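Worksheet: one structure, shown below.
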Amino acid sequence: MSRGFNQLLDAVVRIDVREVAFEGGTKRYTASLGSGVILTADGLILTNAHVVSPRAIEVNITLANLERVGAKLVGWDHWTDLAVLRVDMDEVRRRGWKLVHAEFGDSDKLFPGQEVFAVGTPHGLTRTVTRGIVSNKNRYFEDSRGVNGYETGAFNTWLQTDAAINPGNSGGPLVTSDGKVVGISSRGYMGANNLGFAIPSSTANSVMTRLARDGAISRSYIGIVPGALQDLENFYSLEVSSGGVLVQSVDPGSPAARAGLRGGDILLQIDGVKVDGRFPEQLPPIQNLIASRPVGSTLKLSSKRGAEVRTYDVVTEKLESRVGEELALERWGLSVRKVSRTYARENQLDDDVGAVVIGVQPGFPAAVAGVSRGDIITKVNRQPIESLDSVKTAHAAYEAMPAPTLLETQRSRRVSLFILQP
Amino acid sequence: MIAVLTRRTLFILAFALLFGRAPAADLPGLWAERLKSVVAVEYVTETEVDRRPTATMGTVIDAHGTIIIPAGAIDPRAATWQLKDFKVYLPGEATSTPGDYIGQDAFTGWHFVRADAATRARLTPITTYAAPAESKAVALADFLWGISLRGKDEDFTPYILQSNVAFIQSLPQRTAITQQEVAAPGLPVFNREGQFVGLALSSFGQTFLQLSRGARSAAIMLINVEESSAVLLAQEILPYLGRVPKNVSGRPLAWLGAFGLEPMDRDVAKFLNLSAQSGAVVSEVLEGSPAEKAGVRPRDIILGIDGKPLPQLKPDSVVVRYIESEIDRRVPGDPLRLTVLRGAERMELQAVLGEEPKLIREAERKYFDRLGLTAREFVYGDAIERRVKAAEPSGAIVHHVKPSSPVAIAGLRLDDWIREIDGAEIKTYADAVAKLSEIERDEARPEFVILVSRGGETAVLRVKLR
């Protein structure tokens, strides 16, 4: 193989992760593994968001020389399924190792049929190279729970390859024969043959830069769910050249809803830029156009309803995941997740007060009282739960001096009261 | 050893039962006589695409040939005009006579059917066998027997079931649970003397362990739908036999509008310093309802009705049924005084019950066969479910989707809320019907576009017609 390829092999690492999960009413620790690739001389590693998440408590890297070294999470972005780690450089220097790093190639220049290689740790088999071709360079799929329950895929398309990608390959590079990283292998269809997907380097490169700098990516949200027009142009009397994207739905209470947009409208322009969403593959760039604007900026949306074209001023909000912060309240045997604004909208709740029960430990006070998974705790001892801090405080007070505690919960709009008995 | 012992004990027990508690000698005679109080009722539910026959059993309550059948015997979602061809069969007879459906009573839940004149003469009302007022109440271990009927293919042949009372419970109505099944749901149960003691309810579930070779055993719940061991006692039945609906809709229906009543358990009651009584949390107060007018607020805890504290019943959830029956036994216009706890404050609220808004089963609907859907009028309950103002005009709901029809292929689903058709906003049910009728008639039309709302989201569906 080429020199570049050999260098790439030296830059691929195995990642072993121990993370905490707030399941079943307690804290649990789980171990998993994945792959990654060193991309800078100062030890930045790119991997998948579903390999290393903010829940990780211990990350160990196995370098090409088979030595192990610690690493820390630098930035995380579930929307593109990417995470950036930094190798413990002190340790590397102390032990006198030399880090080899790989380089990005240009995923836009790939062509279907081009030979590519996936390198990683499938099923724990360290340093495995598989070979295939680019099957499709513009695959669209959005998954509302794709990254450990977090949303993904709205803002990028994916490379599809027939190079074998198995669990454990995640986070490893997809490379051309000269060893240039053109994608980050992230998922495959289980049970199918050779249908693997990678995040293209065009996306990965810019996300990595921003994650290394800021630790997270802030995106703008207005609350429209775009849909491909497909062959509805005639129905909406649109010229193919004029573009347009269908507003499939508008999130209740979102900036777009407040501005007056609604499902069935045709979005023609954003700030004077034509949008063309005839096909699903064209949706991520449109989503990105909105997301890439600074939070709080005003977008001018030109939209068509019937024969009428109108302009709406929409002020963007910060994009939030449906999945809120999680916590285990171990004395009560409860694990909870904060109700996020997105979760509240999706479930038509009045506001984002409360915490959703994601686990109950049998035999503990919450389970004995009858609290079950899916209940939303809205008040503890008559105090509304605005943030998880208030639950934490109530739980700490209980820990210090156990006393009957009144919980108010909501489930499918039904309000119940429970007593946690010491 | 243990197995042998157990078997021997069982044998002794059976022996004791057989010889210790011999039933009255004239039981077959009493049984034959009381068969005249039971019938099988068959009817058809007509839907967009099929006719579903249902057979159920009923008890004769008066000299006019009025029959009551259990609440669960008729699908509550079916409109009354969908219920057709009521037939009455006498036990063991292959031929039927026509019956009339009279309606459902909200308080008891019973459906009422009337037999024709010729059949009436052959029936005996169950009240004939009512026990005299001074007679002893049904008690623990009492011997009871009842009637059940075989299926239609066996001409509804009657048979006898016998058991003893295992315990008596308020649910909130007084209900006897027998050791084994004692009658078919909806059919009467008698004591040794042949006095009417109650009607069998639908059966409770029983847990069984399912064992299969090589697999782990699994607990499953089985419900016997043919025979029941739960008996609603006569004192909960006889006073209400006069509640024959005045019209087929079962109206008037009393309405409070306190939505999502959730029982309060004993620990909560104790925490709130409420001893020996129960309560129910009001989850929401419905828009424009009598509860709203009376000043009830969400999260109020109902503690009493008309000055009477809510009793502590088992299980806790029975208190909800208790409140509902207190409402259902009244009529619109009746006062209802509620004692509620709001925060730490106890207050008395005076409500005047209203008339229940139009129910889904009463909503107008129209079926479009070529398109493959039934559009139904948007009613109050739809507004509540979708969290919109009930006062606003609101269009139509998809009530039925014909499988593999054009709308089914386009992705239309049951309960979708129709907002726009071909870009035109649908404000009323009439709008929807007019638009859909026009499309249904136009055979040359290749497609139409429908915007629906489901679960707070909307979807644009393109329906290909040719």
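Heads up: the sequence lines are chains R and D, in that order. Counting in my numbering, the first sequence runs from 2 upward without gaps. Counting in my numbering, the second sequence runs from 49 upward without gaps. Heads up, the beta-carbon is just placed ideally off N, CA and C, and yes, glycines get one too. None of these values were measured; they are calculated from a predicted model.
- Between the beta-carbon of R:V85 and that of R:V75 there is about 4 angstroms, and that keeps the pair under the 8 angstroms contact cut.
- When DSSP states are grouped into helix, strand and coil, R:T127 belongs to the coil group.
- R:H102 has no beta-bridge partner at all, per DSSP.
- For D:E229 and D:I271, the gap between their C-alpha atoms comes out near 11 angstroms.
- Contact annotation: in the stretch 172-206 of chain R, no residue has its CB less than 8 angstroms from a CB in chain D.
- Here DSSP, grouped into helix, strand and coil, assigns R:G76 to strand.
- DSSP places R:N348 in the coil class of the three-state scheme, outside both helix and strand.
- In this structure D:L188 is exposed. Its beta-carbon is surrounded by fewer than 16 other beta-carbon atoms within 10 angstroms.
- The beta carbon of R:G154 sits closer than 7 angstroms to those of F142, E143, D144 and G147, all from its chain and outside the five residues before and after it, given in chain order.
- For D:V92, the closest alpha carbon among the candidates D:A127, D:Q254 and D:P118 is that of D:A127.
- In its chain, beyond the 5 residues on either side, V330, S331, E332, V333, L334 and I432 have a beta carbon closer than 8 angstroms to the beta carbon of D:F307.
- According to the DSSP secondary-structure assignment, R:S186 is paired through a beta bridge with R:A199.
- Across the set D:E396, D:F256 and D:G381, the C-alpha of D:E396 shows the shortest separation from the C-alpha of D:K356.
- For D:R493, the nearest beta carbon of chain R is not closer than 8 angstroms to its own beta carbon.
- Under the DSSP assignment, R:I378 falls in the beta strand (DSSP E) whose first and last residues are I377 to V381.
- For the C-beta of R:V226, the chain D residues within less than 8 angstroms are, from N- to C-terminus, E505.
- The beta carbon of D:R390 sits closer than 6 angstroms to the beta carbons of D348 from its chain, once the five residues preceding and following it are set aside; these are given in chain order.
- Across the stretch 460-494 of chain D, CB contacts with chain R closer than 7 angstroms involve E468 and G471, in sequence order along the chain.
- The beta-carbon of R:R414 is placed less than 8 angstroms from the nearest beta-carbon of chain D.
- Not flagged as an interface residue toward chain R: D:D348, since no C-beta distance is shorter than 8 angstroms.
- In chain order, V358, I359, G360 and V361 place their CB closer than 7 angstroms to the CB of R:R374, counting only its own chain and leaving out the 5 sequence neighbours on each side.
- Following the DSSP letters along the chain, one finds D:G77 inside the alpha helix (DSSP H) bounded by residues L75 to R82.
- Close to D:D430, with beta-carbon spacing below 8 angstroms, lies no residue of chain R; the smallest spacing is near 14 angstroms.
- Cβ atoms of R:A356 and R:V340 come within 8 angstroms of each other, at about 6 angstroms.
- Rounded to the nearest whole angstrom, the CA to CA distance from R:T129 to R:D163 is 15 angstroms.
- Flagged as an interface residue toward chain D: R:A370, by a C-beta distance shorter than 8 angstroms.
- CA-CA distance, R:P113 to R:I134, rounds to 7 angstroms.
- No Cβ-Cβ contact shorter than 8 angstroms links D:P233 with D:S277.
- In the DSSP assignment, D:I285 falls outside any alpha helix (DSSP H) and carries neither an H nor an E.
- When C-alpha distances from D:E241 are compared across D:T175, D:L358 and D:L192, the shortest belongs to D:L192.
- Counting the other CB atoms within 10 Å of its CB gives D:R467 a total of 16 or more, which places it among the buried residues.
- Counting only unbroken stretches of 4 or more residues, the alpha helix (DSSP H) elements lying wholly within the stretch 302-326 of chain D are 314-319, in sequence order.
- Annotation: D:E440 to D:P338 spans about 19 angstroms, alpha carbon to alpha carbon.
- Of the residues R:S178, R:A199, R:G180 and R:D179, the one whose Cα lies closest to the Cα of R:R188 is R:A199.
- Sorting R:L9, R:V93, R:R263 and R:A217 by C-alpha distance to the C-alpha of R:G106 places R:L9 at the top.
- Here R:M191 is exposed: its Cβ has fewer than 16 other Cβ atoms, across all protein chains shown, within 10 Å.
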